[in-house]
Amino acid sequence: MSICSECMACSVGVLVMKFYVNTFRNMGMQLGVLCLTMMLVGCGSGGSNAAAAKHTVLVYMVGSDLESDGGAATADIAEMVKVGSSDNVKVVLETGGADTDGWRTVKRRLVQQGGVQTLADLGSLNMGLSQTLQDFVTWGIQTYPADKYTLVMWNHGGGSATNDGEVYGFDEVHGYDGLSLPEIDQALNTSLAVTGKQFEVIGFDACLMATMEVANIASRYANYLVASQETEPGTGWDYTAWLQALQQDSGMKGDALGSVIADSYLASNQDASGITLSVTDLGKVEALMAGVGTLAGKAETSLMTNGSSARLPLAKARNLSASYGKNPVRGNYLDMVDLKHLAQNLVGVYPAEAANITRLLDEAVVYKVGSPDQHYSHGLAVYMPHRQIDSSDVSKQQTLQNILRHYADSSAPPSWQKLLNDYVQDAYNDTLPPVFQSESRVGDTISATVADEDLAQVVVMMGERLPGNQIRVWRLDSPDTMDTSGKTTAGLELGAITLDGHPVAVYLVDTDPVSKDEYYDIPITYNGKEAALRIKMDDSEASEPEPVGLLVQDESGAAPRVEEPESGAIIQPYVQIISLADGEDTLEPYGESFVWSEDDDMDFSIEEQPPGTYVFMMMAEDFSGNLGLGEPYTMTSP
Numbered sequence: 104m105s106i107c108s109e110c111m112a113c114s115v116g117v118l119v120m121k122f123y124v125n126t127f128r129n130m131g132m133q134l135g136v137l138c139l140t141m142m143l144v145g146c147g148s149g150g151s152n153a154a155a156a157k158h159t160v161l162v163y164m165v166g167s168d169l170e171s172d173g174g175a176a177t178a179d180i181a182e183m184v185k186v187g188s189s190d191n192v193k194v195v196l197e198t199g200g201a202d203t204d205g206w207r208t209v210k211r212r213l214v215q216q217g218g219v220q221t222l223a224d225l226g227s228l229n230m231g232l233s234q235t236l237q238d239f240v241t242w243g244i245q246t247y248p249a250d251k252y253t254l255v256m257w258n259h260g261g262g263s264a265t266n267d268g269e270v271y272g273f274d275e276v277h278g279y280d281g282l283s284l285p286e287i288d289q290a291l292n293t294s295l296a297v298t299g300k301q302f303e304v305i306g307f308d309a310c311l312m313a314t315m316e317v318a319n320i321a322s323r324y325a326n327y328l329v330a331s332q333e334t335e336p337g338t339g340w341d342y343t344a345w346l347q348a349l350q351q352d353s354g355m356k357g358d359a360l361g362s363v364i365a366d367s368y369l370a371s372n373q374d375a376s377g378i379t380l381s382v383t384d385l386g387k388v389e390a391l392m393a394g395v396g397t398l399a400g401k402a403e404t405s406l407m408t409n410g411s412s413a414r415l416p417l418a419k420a421r422n423l424s425a426s427y428g429k430n431p432v433r434g435n436y437l438d439m440v441d442l443k444h445l446a447q448n449l450v451g452v453y454p455a456e457a458a459n460i461t462r463l464l465d466e467a468v469v470y471k472v473g474s475p476d477q478h479y480s481h482g483l484a485v486y487m488p489h490r491q492i493d494s495s496d497v498s499k500q501q502t503l504q505n506i507l508r509h510y511a512d513s514s515a516p517p518s519w520q521k522l523l524n525d526y527v528q529d530a531y532n533d534t535l536p537p538v539f540q541s542e543s544r545v546g547d548t549i550s551a552t553v554a555d556e557d558l559a560q561v562v563v564m565m566g567e568r569l570p571g572n573q574i575r576v577w578r579l580d581s582p583d584t585m586d587t588s589g590k591t592t593a594g595l596e597l598g599a600i601t602l603d604g605h606p607v608a609v610y611l612v613d614t615d616p617v618s619k620d621e622y623y624d625i626p627i628t629y630n631g632k633e634a635a636l637r638i639k640m641d642d643s644e645a646s647e648p649e650p651v652g653l654l655v656q657d658e659s660g661a662a663p664r665v666e667e668p669e670s671g672a673i674i675q676p677y678v679q680i681i682s683l684a685d686g687e688d689t690l691e692p693y694g695e696s697f698v699w700s701e702d703d704d705m706d707f708s709i710e711e712q713p714p715g716t717y718v719f720m721m722m723a724e725d726f727s728g729n730l731g732l733g734e735p736y737t738m739t740s741p
């Protein structure tokens, strides 16, 4: 037995303003670097004559930047080897897809207690190809026969609809090529035809994959789906906990196993926000799909008959519903929405159909967990364009058309797909921005009424004037009050957010509808990569910014995971510059870069505003993406 050292890698519905979203193109996750020294238990090809186990766990682990930038995959493998395989449970990996030592080629490995046995090095294969996934699944089932099988797909996730159709498994070595839902479907379908075996559980240790569309595809090949509606923290699942439970009860059903995965995931991320994980009975998905199709058919008929008057109730319900995949730093919203919450908000418009969806979803989602901020996450999301709609931007319209074209292959009900296409086209017919009326200032409070029946949201900008009719935007915030008539008030408050003494810009991302906590992104570069630091503030006057984490985008454009900065990382703050003449916007560096040290704990604070004259302005956006600007008001900091 020889010892070898091997590094085994592993985004309110409140406006973040369309002018803010065009600069940073990508966000992904960085993790603390872990170099794991493994014991190589032996080499070989495995054996198709192996005695049948009770349960075989297959993990398709595409390392990508999650491994190359911080060793996330290695960290999860370290959790696995604490348990390892046994006669009853086999844990088998296919690793690769990261541009770092040990991960540039694809390897098949058997997880043993205390080490990993490399069975084969397959060379430079693209893990973003359907064929690679298919071959692994087929080989794993044939080589490690069992009574039950679980397939875990590990990497970034992108929900159900993206610009290029790729939603999972972005191979860093092969240009961040990823798998689309049809490609995943093809891989699993071919493997099923060869092996005749289905899975007890299909799981995604990846962001945003607990969707109706994913569940529909998975229902052809498994009994249960385990996945997250929201983005995941970089640590992902707790493999030690759920593999130990499986070793102790190797015959457990998928709902029980999924519950253990969910509970341990929540327990290992107790201090995090944005935590969701659900277990879906895939035998119930067909009825749920039919229910969604029925509502969509009725809504489509109304839309074709009544036009915008039928679209607006849909848009208002969508605007009020819990959304996932908000990524404002790079100007991208993946526009996934909680299906049950959407249905609940449509009960007043389509009472029978919406109530039916609510009932069917409750039957399908047999278990779910969530952090305290996830009040309206019920287990499955669905794609419905919202922030992606912009009637004034041709390039964004082209992007959305690409998304909808790929979505046609997603397995969503045809009537739902048709509704979304016609819904978007009707929204594009509205090109008039919201109009502010009766604007006034009394003391340090400004007020106005926004005249627009399809008003989506209002924010308040605070910035400083620059030459050339430009504004450097330091803060985008929610107004103090806003009633159903559109009357809005906002207090003019000065105060600079600083990070270890460095002034930073803060832009509103989300507001918790229950606690009223507000989440903001601070645009930065992190070791030269476009990124954001996310903070949370409650609504008390004494509130200090509370760190949530770091988001860094890789080249795939997939949803980022939330991490903590590493000691020694270079942070460069950025700030938005907007031209009031033409609406053009850019993100530009501000101040000096600084090094994140081990002693730094995201030391955010609110300081006195530097001397100068500052501009406050209300801005409103409607459901078609049209932007209206209020009057500018000034305040001087002595």
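Counting in my numbering, the final residue of the sequence shown is number 741, and the numbers go up one at a time with none missing. Note that beta-carbon positions come from the ideal geometry of N, C-alpha and C, so glycine has one too.
Helix, strand or coil for residue i per DSSP?
| i | result |
| --- | --- |
| residue 401 | helix |
| residue 196 | strand |
| residue 220 | strand |
| residue 567 | strand |
| residue 720 | strand |
| residue 278 | coil |
| residue 607 | coil |
| residue 725 | strand |
| residue 314 | strand |
| residue 519 | helix |
Out of curiosity, what's the CA-to-CA distance linking residue i and residue j?
| i | j | result |
| --- | --- | --- |
| residue 224 | residue 454 | 56 Å |
| residue 657 | residue 631 | 12 Å |
| residue 202 | residue 226 | 13 Å |
| residue 496 | residue 732 | 17 Å |
| residue 634 | residue 626 | 6 Å |
| residue 407 | residue 530 | 13 Å |
| residue 492 | residue 503 | 7 Å |
| residue 762 | residue 579 | The chain is shown from 104 up to 741; residue 762 falls before or after that span and cannot be answered. |
| residue 583 | residue 523 | 33 Å |
| residue 308 | residue 261 | 12 Å |
| residue 494 | residue 725 | 10 Å |
| residue 719 | residue 429 | 25 Å |
| residue 563 | residue 526 | 29 Å |
| residue 343 | residue 188 | 12 Å |
| residue 337 | residue 409 | 46 Å |
| residue 707 | residue 326 | 46 Å |
Quick one: is residue i buried, meaning 16 or more other Cβ sit within 10 Å of its Cβ, or exposed?
| i | result |
| --- | --- |
| residue 478 | exposed |
| residue 638 | buried |
| residue 547 | exposed |
| residue 665 | buried |
| residue 457 | buried |
| residue 237 | buried |
| residue 716 | exposed |
| residue 215 | buried |
| residue 624 | buried |
| residue 341 | buried |
| residue 170 | buried |
| residue 53 | Since the first residue shown for the chain is 104 and the last is 741, residue 53 is missing from the structure and cannot be characterised. |
| residue 619 | exposed |
On a CA-only basis, which of the options is nearest residue i? Give me that one, please.
| i | options | result |
| --- | --- | --- |
| residue 332 | 695, 360, 381 | 381 |
| residue 538 | 561, 516, 524 | 561 |
| residue 597 | 507, 709, 628 | 709 |
| residue 534 | 727, 163, 156, 339 | 727 |
| residue 519 | 487, 500, 528 | 487 |
| residue 741 | 734, 730, 712, 724 | 712 |
| residue 390 | 575, 466, 344, 411 | 466 |
| residue 222 | 204, 242, 207 | 242 |
| residue 469 | 459, 451, 386, 257 | 386 |
| residue 352 | 471, 593, 159, 476 | 159 |
| residue 587 | 629, 581, 555, 610 | 555 |
| residue 365 | 474, 677, 192 | 474 |
Touching by the beta-carbon criterion (3+ pairs, under 8 Å), the stretch 434-449 and the stretch 476-484: yes
Cβ contact check for the stretch 244-255 and the stretch 369-385: 3 or more pairs under 8 Å: no
At least three beta-carbon pairs within less than 8 Å, the stretch 274-292 to the stretch 232-244: yes
The stretch 601-618 in contact with the stretch 682-701 per 3-pair CB rule at 8 Å: yes
The stretch 251-262 / the stretch 297-317 touching (three or more Cβ pairs under 8 Å): yes
Touch test, the stretch 411-430 against the stretch 361-374, Cβ-Cβ under 8 Å, three pairs minimum: no
contact_flag[the stretch 281-288, the stretch 311-321] where n(CB pairs < 8 Å) is 3 or more: yes
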